[in-house]
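K.L.:
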Amino acid sequence: MHTIGYKNRVLRAFKSHRTHEPVDDRPRRHDGYGARGSGGVAAVTVAVVAGVGEGFGETIARRLADAGYAVGLFARSADYLDDLAADIVDAGGDALAVPTDLSDPAAIVAGFDRVRDELGPTEVMIYNPSVPAPGHLFDVDLDAFETVYEVVLRGAFCVAREAIGDMLDAGGGTVIFTGTSIARRPFGNLIAWDTAGPALRGLAGSLVHRFGPRGIHVAYVVVDGAIAGPGESAVDRDDDALIDPESMADTYLHLIEQEEHAWTFEIDLRASGDELRF
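Residue 79 in my numbering sits at position 34 of the sequence shown, with consecutive numbering throughout.
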């Protein structure tokens, strides 16, 4: 992490951010709070997927679009996002490519501002971080170690702040964090993730305590194993050791659609033929 000027960048990014004081702490559900207009114009429901890549991130983005959401796509690769957004639109969906570095607080604020301007306020936010950092104490690169924290934890904090701000204004919403079983038990050879993973779970837990009573469903998904790669279905290839991304998406959509009287906070997903990691 480049610490020079970091505090100033964060202050600039958030100095004009809304302060949300509770008016009514009773749980509420609010339909259609991403409305683009009135007088016969149908409301649009906006979802942001932060951390879209050629795997589960793309799968859940497509599934959300298929379900009728207008989807904001956050990732660093502009070309990839442009192609994915165009593909979703060609298939009859609504998507907006928002090239965003999730390690940059100011870029995250700008990304959500663009989503608000072009799609509307966020009702559903999925944080799906992916950043490699193999190695332990003496063989992991310090910059790589800090990048994991910048993306996995600080990025999650900044994204949650923007999305939950919209949801509080509207009266409800859903926030889902994609995590790993490292949050429960360190792997021992991935020191950056062994520490950042539990921190992300802690962030999710803090948010559910604070904002669950105010109508915001916060969930943490433990991905306990390897996910089938791009264009690959674990179901189609009958591989019982890989998690199927389409089946994962089914679970996420179920979390989004849950009624407030039976919300799930934590759920774990694994393939039946894989080892347990907790």
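Here a beta-carbon is modelled for each residue, glycine too, at the ideal position from N, C-alpha and C.
Are residue 143 and residue 121 closer than 8 Å when you measure CB to CB?
P.N.:
On the sequence shown, residue 143 is found 98 positions in, with the first residue counted as 1. On the sequence shown, residue 121 is found 76 positions in, with the first residue counted as 1. Going by C-beta atoms, residue 143 is not nearer than 8 Å to residue 121.
K.L.:
When you compare only the Cα positions, how much space is there between residue 317 and residue 109?
P.N.:
Position 272 of the sequence shown, counting from 1, holds the residue named residue 317. Position 64 of the sequence shown, counting from 1, holds the residue named residue 109. Looking at the two C-alpha atoms, the distance is approximately 26 Å.
K.L.:
Going by C-alpha distance, which of 98, 101, 118, 103 is nearest residue 92?
P.N.:
The residue labelled residue 92 in the question sits at position 47 within the sequence shown. Nearest of 98, 101, 118, 103 to residue 92, Cα basis: 118.
K.L.:
Tell me the rounded alpha-carbon separation between residue 255 and residue 89.
P.N.:
Within the sequence shown, the letter at position 210 stands for residue 255. Within the sequence shown, the letter at position 44 stands for residue 89. The alpha-carbon atoms of residue 255 and residue 89 are separated by roughly 27 Å.
K.L.:
Where are the alpha helix (DSSP H) runs, 4 residues long or more, that stay fully inside the segment 198–236, in chain order?
P.N.:
Listed in chain order, the complete alpha helix (DSSP H) runs (minimum 4 residues) inside the segment 198–236 are 200–215.
K.L.:
Going by the CB atoms, is the gap between residue 193 and residue 241 shorter than 8 Å?
P.N.:
Translated into the one-based positions of the sequence shown, residue 241 becomes position 196. Translated into the one-based positions of the sequence shown, residue 193 becomes position 148. Yes, the Cβ-Cβ distance between residue 241 and residue 193 is below 8 Å.
K.L.:
Over what stretch of residues does the alpha helix (DSSP H) that includes residue 7 continue unbroken?
P.N.:
The question about residue 7 has no answer, for the chain in this structure spans 46 to 323.
K.L.:
Cutting at 8 Å between CB atoms, please list the residues of its own chain near residue 70, excluding the five before and the five after it.
P.N.:
Residue mapping note: residue 70 aligns to position 25 of the sequence shown, counting from 1. Unreliable placement is indicated for residue 70, whose pLDDT of 37 sits below 50; the coordinate value is still reported in the next sentence. Counting only Cβ-Cβ distances below 8 Å, and skipping sequence neighbours, we find 258, 259.
K.L.:
For residue 124, which option in 315, 99, 219 has the closest C-alpha, if you only look at C-alpha atoms?
P.N.:
Mapped onto the sequence shown, residue 124 falls at position 79. Ranking 315, 99, 219 by Cα distance to residue 124 puts 99 first.
K.L.:
If you draw a straight line from the alpha carbon of residue 134 to that of residue 163, how long is it in whole angstroms?
P.N.:
Stepping through the sequence shown from its first residue, residue 134 is reached at position 89. Stepping through the sequence shown from its first residue, residue 163 is reached at position 118. Roughly 15 Å separates the two Cα atoms.
K.L.:
Could you pull out every residue in the same chain whose Cβ sits closer than 8 Å to the Cβ of residue 303, ignoring the five residues on either side in sequence?
P.N.:
Taking the sequence shown and counting its residues from 1, the one referred to as residue 303 is at position 258. Cβ within range, chain order: 262, 309.
K.L.:
Which one or two residues does DSSP pair with residue 170 in a beta bridge?
P.N.:
Within the sequence shown, numbered from 1, the residue matching residue 170 stands at position 125. Partner(s): 93, 220.
K.L.:
Would residue 271 and residue 171 qualify as a contact pair, given that the criterion is a beta-carbon distance under 8 Å?
P.N.:
Against the sequence shown, residue 271 aligns to sequence position 226. Against the sequence shown, residue 171 aligns to sequence position 126. No, they are not a contact pair.
K.L.:
Please report the distance separating the alpha-carbon of residue 215 from that of residue 295.
P.N.:
For this step, residue 215 is matched to residue 170 along the sequence shown. For this step, residue 295 is matched to residue 250 along the sequence shown. Whole-angstrom Cα-Cα distance: 25 Å.
K.L.:
Secondary structure at residue 157, three-state DSSP: helix, strand or coil?
P.N.:
In the sequence shown, the residue the question calls residue 157 occupies position 112. Of the three classes helix, strand and coil, the one that applies to residue 157 here is helix, per DSSP.
K.L.:
Thinking residue 300 and residue 221 are a contact (beta carbons under 8 Å), I'd like their distance in whole angstroms, please.
P.N.:
The residue labelled residue 300 in the question sits at position 255 within the sequence shown. The residue labelled residue 221 in the question sits at position 176 within the sequence shown. Residue 300 to residue 221, Cβ: 6 Å. Contact.
K.L.:
For residue 184, count neighbouring C-beta atoms within 10 Å of its own C-beta (all shown protein chains included) and say buried if the count is 16 or more, exposed if not.
P.N.:
Locating residue 184 in the sequence shown gives position 139, counting from the first residue. When all chains shown are included, residue 184 counts as exposed.
K.L.:
Within the continuous alpha helix (DSSP H) that includes residue 190, where are the two ends?
P.N.:
Here residue 190 corresponds to residue number 145 of the sequence shown, with the count starting at 1. Looking at the DSSP string, the run of the alpha helix (DSSP H) that includes residue 190 is 187–194.
K.L.:
Using 10 angstroms around the beta-carbon of residue 305, count the other beta-carbons present and answer buried if the total reaches 16, otherwise exposed.
P.N.:
Locating residue 305 in the sequence shown gives position 260, counting from the first residue. So residue 305 ends up on the exposed side.
K.L.:
Alpha carbon to alpha carbon, how far is residue 155 from residue 149? Give it in angstroms, no decimals.
P.N.:
Against the sequence shown, residue 149 aligns to sequence position 104. Against the sequence shown, residue 155 aligns to sequence position 110. Distance between the alpha carbons of residue 149 and residue 155: 10 Å.
K.L.:
Given a cut-off of 8 Å, decide if residue 312 and residue 267 are closer than it, judged by their beta-carbon atoms.
P.N.:
Along the sequence shown, read from residue 1 onward, the residue named residue 267 stands at position 222. Along the sequence shown, read from residue 1 onward, the residue named residue 312 stands at position 267. Contact flag set, yes.
K.L.:
Identify whether residue 253 lies in helix, strand or coil by the three-state DSSP scheme.
P.N.:
For the purposes of this step, residue 253 is taken as residue 208 along the sequence shown, with counting starting at 1. DSSP places residue 253 in helix when its eight states are reduced to three.
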